[in-house]
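Engineer: Right, I'll just put the structure down here and ask away after.
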Amino acid sequence: MEADRDRQQHLEEQQRAKKQQKEWVRFQQCYSLPDPRNESDLTAFLTIWREEEGYGGVEGLKGGAVVKSPMTCALEKCVYAEEVVSDILREWCRAAEGGLTPRQQFCLKYINEIRTVELDTIDDATAHLLAHIENEPSNGRNEVQNAWPTQKGLLVGFWGYLQSKGFRAKVIDFPSIGIGMELPKSIALQAMGHCIGVRVFYTSYDSVAFLSPSHSEVVLGGMVHVDLLSIPHFPKKIKGWTVRSVPPPEEAMKKLSYPNTDATTPASGSIQPVKIEYTIPSNVIVREPNVQLWDSQALTWCDDNIGEIAFDESTRKCSFFSLRLASFALTQDRTLDLPYSWWQIKARSATSAQLLLQGPDFLIAFAITEDGVQLEGPDRPELAALREQILSPADLLLQLRNCGINCLPNDHDAELLARRLSRPTHTENGENESKEGEAEGDHEDAEDETSPAAKEKNGNNQQQEQQPEQSKDAVNGAEGGGETVDGSHEGDSGPGQPRNGHVSVKDVGVEAKAYWDLSGIACCFDIASSRHNKKTQSDTLLVRVHDNVYHEDFDANDLDFETDWTPVMFWHNKSSLACAVESEEESADACTIPEGSVTHASLRLTLEEAGKIADAMRLRLDSPQTARFAEMTRQLMMLLRLCSFG
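For what it's worth, my numbering labels the leading residue of the sequence shown as 312, then goes sequentially.
Dropping the structure here:
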């Protein structure tokens, strides 16, 4: 269609101009970081980093100079590397917005490689510290303790005991990095004959499974790596010479397992848990604290041997006990914010709109403009900083995911969601009504009956006939998910859309077609979900539209005005009006075309034939100024997968 070609041309021209402007700014700033779009730049960066040798540097001071510690130099390298990762993440966001899956995989590959080298760099600096630990200041109890904070979310703490005779329970606190531990006596008994050290390394990101679609959990607030280390034999002084053992590089830092699985280890009594406490960033929403450890052998998260998990909201401290030392993180189910109960896009002006998205716990509001997308709700203090920013759709959703609200679903999430919501329900006497899901045996499938999903599921079973309306206060304040007197959540259901384990994942092709057409009319039409969309096949989807040339405030959940909304169906290459009736629970004609109607290649032609396009709309729809806004709307709809999970 000519209108689509014009829109694409306007969009390409605007994107080309924006790209040239960014490259000019990059040139003016003498930007020295590798280009994330150039594989040779990234490969060269990694190769040079791996081949660098030596630690320490000289930092000028007024009174002379001071030599930086190897750990300080290592952390500076890691901070620099995270700037490279930030650029690659922006490239990942652009690829996600364009639906370029191979490019996304390319970005994730190099992010994982860079962060693997970061861990290796910290290990090398730790090995240097252990080899020269006699130069570190110790207290009267033969203990060495130090911490290295940074401003970029990379924190290292080390505690060493310079005797091999064992010790009683130790309380170790690193106040400068907000991490503390309680080491039981059994740790020393498990490592008899060793002078031991404990290193904690905190990263503000998931350093083992970042953005991996194969895991059912997402990491909240970063990871804390806890390692039990063997301090090598101290050097000897012989006739003024220092004789030091230099092990092979692969043995420079010897990690000890806890509990010790070595069969030659003498009996050391019962294994006691280690208490670990660390600070969760203030921008992370913690709903149900759940700490898991990373099993490096099985390459999965597990909660074995972890207990007494606690989270203090006032101090943001998360504490737990573990019978193993490993890499730990606060995690949550990646489908906790799925499925969407309802959604609506409200036209605000020729180049702006509001998207309301009701999840299980929150009513999320986005402001869409030609410059980007801004979060308007929920009004949580953790999201205060994020609400001030205008970002690209993928960048905003990625940061929202890091804050604890995951609205970046993929096809695999539908399977995880169905598995989670089909868990056994509990009767009043505590007996299971169904055994479905027990055979799975995966820890991620287990769910507390007091979770939001369980409350909502039980509430929907009891109140299927109730259809709560979208209140004006909730829309204006963009707050949702508050508990009512009976324990249910406000706004959990739209018009006849109870939350359940059934989602209709649509083919990417039909979604792409629908979002392109719908975003093109978002400047003068409201767009809303339909309860009957879940009943359509994967190659078909159903939505509702309402002309809004004067940008009024319409409520798609108000069934008294349902006839003002026009149901529209999409296929891979066409669209048509539909006969769906929103107020009917079961509509036999939901997926049928009205008599006398025909399908068209574009939604605009479909609406033109139905007389839904007023003369005042045409100039606005054809304006070059709306092309960028329409693209932002399309990208946001595609990333949210509105018609697959809502």
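The beta-carbon is built from N, C-alpha and C at its ideal position, and this holds for glycine as well. All values reported here derive from a predicted model rather than from experimental measurement.
Have a look at the DSSP bridge pairing and note the partners of Gly468.
Structural biologist: The partner list for Gly468 (beta bridge, DSSP) reads Ala458, Val511.
Engineer: Examine the Cβ distances between the region 820-835 and the region 617-632 and report whether three or more of them are shorter than 8 Å.
Structural biologist: no
Engineer: Measure the C-alpha to C-alpha separation of Gln285 and Asp828 and round it to an integer number of angstroms.
Structural biologist: For the chain, the structure presents residues 312 to 957; residue 285 sits outside this window and is missing.
Engineer: Should Ser955 be labelled buried (16 or more other beta-carbon atoms within 10 Å of its own) or exposed?
Structural biologist: Flag for Ser955 reads buried.
Engineer: Measure from the C-beta of Ala889 to each C-beta in chain B and report whether the shortest distance is under 8 Å.
Structural biologist: Reference to chain B is not applicable here, since this structure consists of a single protein chain.
Engineer: To the nearest angstrom, how far is the alpha carbon of Cys714 from that of Ala696?
Structural biologist: 11 Å
Engineer: In chain order, what residues of the same chain lie with their CB nearer than 6 Å to the CB of Ser541, ignoring the 5 residues before and after it?
Structural biologist: His505, Lys565, Leu567
Engineer: First and last residue of the beta strand (DSSP E) that includes Asp484?
Structural biologist: 481-485
Engineer: Measure the beta-carbon distance from Pro600 to Ser515 and round it to whole angstroms, keeping in mind my assumption that it falls under 8 Å.
Structural biologist: Actually they are not in contact, since the Cβ atoms of Pro600 and Ser515 sit about 18 Å apart, beyond 8 Å.
Engineer: Under DSSP, the alpha helix (DSSP H) around Leu282 begins and ends at which residues?
Structural biologist: Residue 282 lies beyond the stretch modelled for the chain, which goes from 312 to 957, so this question has no answer here.
Engineer: Opposite Lys463 in the DSSP bridges: which residues?
Structural biologist: Answer is none; Lys463 lacks a bridge partner.
Engineer: Between the alpha carbons of Pro671 and Ile483, how many angstroms are there, rounded?
Structural biologist: A straight-line Cα-Cα distance of about 40 Å links Pro671 and Ile483.
Engineer: Name the two residues that bound the continuous alpha helix (DSSP H) containing Val390.
Structural biologist: 381-409
Engineer: Entirely within the region 882-920 and at least 4 residues each: give me those alpha helix (DSSP H) ranges in chain order.
Structural biologist: As far as the region 882-920 is concerned, its whole alpha helix (DSSP H) runs of at least 4 residues are 914-920.
Engineer: If you run the structure through DSSP and keep just helix, strand and coil, what is Ser525?
Structural biologist: coil
Engineer: Ends of the alpha helix (DSSP H) at Ser830?
Structural biologist: First-last of the alpha helix (DSSP H) with Ser830: 819-831.
Engineer: For Gln456 and Ala609, what's the separation of their Cα atoms in angstroms?
Structural biologist: The straight-line gap from Cα to Cα measures roughly 33 Å.
Engineer: Could you check the C-alpha separation between His536 and Pro460 for me, to the nearest Å?
Structural biologist: 15 Å
Engineer: Could you tell me whether the region 684-692 touches the region 854-869, using the rule of 3 or more Cβ pairs below 8 Å?
Structural biologist: no
Engineer: Do Val585 and Phe639 have their beta-carbon atoms positioned less than 8 Å apart in this structure?
Structural biologist: No. Outside cutoff.
Engineer: Among His843, Tyr861, Glu528, Glu822, which one has its Cα closest to the Cα of Phe881?
Structural biologist: Among His843, Tyr861, Glu528, Glu822, the Cα nearest to that of Phe881 is on Glu822.
Engineer: Please classify Val909 as buried or exposed, where buried requires at least 16 neighbouring CB atoms within 10 angstroms.
Structural biologist: It is exposed - the Cβ of Val909 has fewer than 16 other Cβ atoms within 10 Å.
Engineer: In the DSSP assignment, find the beta strand (DSSP E) that holds Tyr421 and state where it starts and stops.
Structural biologist: No beta strand (DSSP E) contains Tyr421, which is instead part of the alpha helix (DSSP H) from 412-442.
Engineer: Per DSSP, Ala621 is paired with what?
Structural biologist: Ser630
Engineer: For Lys550, which of helix, strand or coil comes out of DSSP?
Structural biologist: coil
Engineer: Helix, strand or coil: which one does DSSP assign to Lys565?
Structural biologist: strand
Engineer: Applying the 10 Å Cβ sphere with the 16-neighbour rule, what's the burial state of Trp653?
Structural biologist: buried
Engineer: Assuming the contact rule is C-beta atoms closer than 8 Å, Val597 and Leu647 should be a hit. Round their C-beta distance to whole Å, please.
Structural biologist: About 12 Å separates the two Cβ atoms, so there is no contact after all.
Engineer: Among Pro704, Ser703, Cys718, which has the Cα closest to the Cα of Leu668?
Structural biologist: Cys718
Engineer: Which of the three DSSP states, helix, strand or coil, is assigned to Phe956?
Structural biologist: helix
Engineer: Okay, do the region 388-395 and the region 460-479 touch, 3+ Cβ pairs below 8 Å being the bar?
Structural biologist: yes
Engineer: I'd like to check one pair, Leu666 with Ile679: are the Cβ atoms closer than 8 Å?
Structural biologist: Taking 8 Å as the cut-off, the beta carbon of Ile679 is found closer than this to the beta carbon of Leu666.
Engineer: Might you give, ordered along the chain, the residues of its own chain that have their beta carbon closer than 7 Å to the beta carbon of Asn616, omitting 5 neighbours on each side?
Structural biologist: Ser633, Leu634, Arg635
Engineer: Going by the CB atoms, is the gap between Thr917 and His911 shorter than 8 Å?
Structural biologist: When the beta-carbon positions are compared, His911 and Thr917 come within less than 8 Å of each other.
Engineer: For the beta strand (DSSP E) that contains Ser660, what are its first and last residues?
Structural biologist: Membership of Ser660 in the beta strand (DSSP E) is indicated by the continuous run 653-660.
Engineer: Any idea if Gly1004 is buried or exposed, counting beta-carbon neighbours within 10 angstroms, 16 or more meaning buried?
Structural biologist: Coverage of the chain is limited to positions 312 through 957, which leaves residue 1004 absent and any answer about it impossible.
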